[in-house]
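Presented below is the structure to which this report refers.
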Amino acid sequence: MRLITATFLLLVTAGLHAAGPTLPTIRRLDGKKITVAEADALARRVLAENHVAGAEIAVINDGQLAWIGAYGVRDMQLHLAMQPDTTTWAASITKSVFATYVMQLSEQGVIPLDTPVAQLLPKPLDSYADYHDTASELVRDPRYAQITPRMLLAHTSGLANFAYLETDKKMHLHFTPGSQFAYSGDGINLLQLVVEQKMQKPLQALMQEAIFTPLAMRQTSLVWNAAFGGNVADRYDADGKFISHTRRDNARAAGSMTTSAQDLANFTTALLAKPKTGTATRIARDLAGMPLSDTGTPVFAPLLKPDTFKQMLTPVIQIDTLHQFPTFDAEKGTEAPAVGLAYGLGWGLLTKTAFGPAFFKEGHGDGAQNYMICFTKRRDCMIILTNSDNGEPAFRPLLEGILGDTATPWTWEGYTREGILASREKH
2 MRLITATFLL LVTAGLHAAG PTLPTIRRLD GKKITVAEAD ALARRVLAEN HVAGAEIAVI
62 NDGQLAWIGA YGVRDMQLHL AMQPDTTTWA ASITKSVFAT YVMQLSEQGV IPLDTPVAQL
122 LPKPLDSYAD YHDTASELVR DPRYAQITPR MLLAHTSGLA NFAYLETDKK MHLHFTPGSQ
182 FAYSGDGINL LQLVVEQKMQ KPLQALMQEA IFTPLAMRQT SLVWNAAFGG NVADRYDADG
242 KFISHTRRDN ARAAGSMTTS AQDLANFTTA LLAKPKTGTA TRIARDLAGM PLSDTGTPVF
302 APLLKPDTFK QMLTPVIQID TLHQFPTFDA EKGTEAPAVG LAYGLGWGLL TKTAFGPAFF
362 KEGHGDGAQN YMICFTKRRD CMIILTNSDN GEPAFRPLLE GILGDTATPW TWEGYTREGI
422 LASREKH
């Protein structure tokens, strides 16, 4: 632990990456402003106190990048500092980026959200190599015929998070599809199969063409890309011990994406972009040639039409449980109803906050703990990516101190001391 703290203090970057000279401050949700210097100092202190190996943080105000900072190390052995464009494992934030792509396909009439998956697949699910063993019981359940893409995106299919968590390692339905919320990575991967069969291309190629390239997300991929070079974050446990290099060889919509705070900021600003006449012609593949806003940030066309964006962030299921994990824990709590916790299509939703509605997504894996949240009406967001098992304890002081986010349901997310210490399913 001493090693990781010392390394952090030696290699923490300046972090004062304001998006442009006209934005020396960050606007908090309460309307107050803090300087980027104050945000940087707070980030340094909180990350060091929690022994976070490395982190990238971005803040978006009114739909534009206001500040981005990087701290700590991406490689502890070589003492390489984290950068705002360092490739890190996004884990389950992958799900929400994938969901946005599915909404594009829905918009185009390619993927109907309410047609059963069994009808969208050209052959039975258990006839595919990846599902031959795990889906044999599922396809014999008559309720399987009810599962739709909308249910898979909203985590109401009835599937467990992953089949390997089941006693027999097979996929099963635990309730009538559409009737309850239960987070399911298997459900998202099942929708990936539907998309790939419909489009007749691997998901990596599809999302590269539709999202990563147009948005200049040059450090983002669902599979390993040699072009990332040495700017990739290794992952570390709570004691600062090396866990793994960040490399994914198989595309999984449930969580294989690697990305950076800079790239996710590009994605988020495009997601929040307001339609303008002729905007589509302004997209360029070369970030250097892309038009800039008054604050010096790139201008992107909206990823979705307004009605599609609204549909994606409309509650499908209300949530009143005390915790998100374990998946089928039905214990009720007061925190979720107080903030109007719900799930839309690929995003968690807060519908009752003092700052208006919000959408969010967490990402959790070995040596990768991440969180992003956006308040829709204000178009204010914060993105946190870490390469450390100590990332989650830093989320609340960072979000409250920099953005002024007091709406995130900390207990439900497991971001309390008790939740962090408890074992839970990885999501």
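The sequence shown begins at 2 in my numbering and counts up one residue at a time. Here a beta-carbon is modelled for each residue, glycine too, at the ideal position from N, C-alpha and C.
Assuming contact is defined by CB atoms lying nearer than 8 angstroms, are residue i and residue j in contact in what I supplied?
i, j, result
"ALA252", "LEU223", "yes"
"GLY64", "ALA44", "no"
"GLY366", "VAL53", "no"
"ALA395", "ILE61", "no"
"GLN193", "ALA146", "no"
"ASP381", "LEU30", "yes"
"VAL103", "PRO150", "yes"
"SER185", "SER158", "yes"
"ASP1", "SER261", "Outside the modelled stretch of the chain, which goes from 2 to 428, sits residue 1, for which no answer is possible."
"ASP390", "GLY368", "yes"
"LEU386", "GLU50", "no"
"PRO303", "PRO276", "yes"
"TRP413", "HIS324", "yes"
According to DSSP, is residue i helix, strand or coil?
i, result
"PRO299", "strand"
"ALA90", "Note on residue identity: the sequence assigns Trp, not Ala, to residue 90. Three-state DSSP puts TRP90 in a strand."
"LYS96", "helix"
"SER137", "coil"
"ARG236", "strand"
"ILE284", "Because the pLDDT at ILE284 is just 44, under 50, the model does not fix this residue reliably, and the point stays unresolved."
"ARG397", "helix"
"ALA289", "Any reading at ALA289 is ruled out, since the residue's pLDDT is 46, under 50, leaving its predicted position unreliable."
"PRO203", "coil"
"GLU57", "strand"
"PHE243", "strand"
"GLU419", "helix"
"ASP31", "coil"
"THR23", "Unreliable positioning characterises THR23 in this predicted model, as indicated by a pLDDT of 46, which lies under 50. The coordinate reading is nonetheless provided below. Three-state result, THR23: coil."
"LEU79", "coil"
"THR6", "Interpretation of THR6 is limited by its pLDDT of 39, a score under 50 that renders its predicted location unreliable; the figure taken from the coordinates is listed afterwards. Here THR6 sits in helix by DSSP."
"ILE385", "strand"
"SER257", "coil"
Which residues bound the beta strand (DSSP E) around residue i?
i, result
"TYR165", "It is not in any beta strand (DSSP E) - TYR165 carries neither H nor E in the DSSP assignment."
"THR26", "26-28"
"VAL74", "65-76"
"GLN370", "369-376"
"GLU1", "With the chain running from 2 to 428 in the structure shown, residue 1 is simply not present."
"PRO308", "Per the sequence shown, the amino acid found at residue 308 is Asp instead of Pro. Per DSSP, ASP308 belongs to no beta strand (DSSP E); it is in the alpha helix (DSSP H), 307-313."
"LEU351", "349-351"
"LEU342", "342-344"
For residue i, report the span of its alpha helix (DSSP H) as first-last.
i, result
"LYS199", "186-200"
"GLU363", "Run containing GLU363: none in the alpha helix (DSSP H); it sits in the beta strand (DSSP E), 359-366."
"ALA38", "37-50"
"ALA262", "262-273"
"THR412", "411-414"
"ARG151", "150-155"
Determine the closest residue to residue i out of the options, with distance taken between C-alpha atoms.
i, options, result
"VAL98", "LEU305, THR322, SER128 and GLY334", "LEU305"
"PHE376", "GLY345, SER389, THR387 and ALA408", "ALA408"
"ARG141", "HIS156, LEU154 and PRO125", "PRO125"
"GLN205", "GLY345, THR95, ASN388 and HIS324", "THR95"
"ALA355", "ASP187, GLY341 and GLU39", "GLY341"
"LEU121", "ARG379, LEU422 and VAL195", "VAL195"
Exercise. Any chance the region 314-331 sits against the region 223-233, with 3 or more Cβ pairs inside 8 angstroms?
Worked result: no
For this session: Answer yes if the region 108-125 comes into contact with the region 210-217, meaning at least three C-beta pairs across the two stretches below 8 angstroms, and no otherwise.
Result: no
Exercise. Is there contact between the region 126-135 and the region 165-180, where contact requires at least three CB pairs shorter than 8 angstroms?
Worked result: yes
For this session: Kindly confirm or deny that the region 233-247 and the region 346-353 touch, where touching means at least three C-beta pairs closer than 8 angstroms.
Result: no
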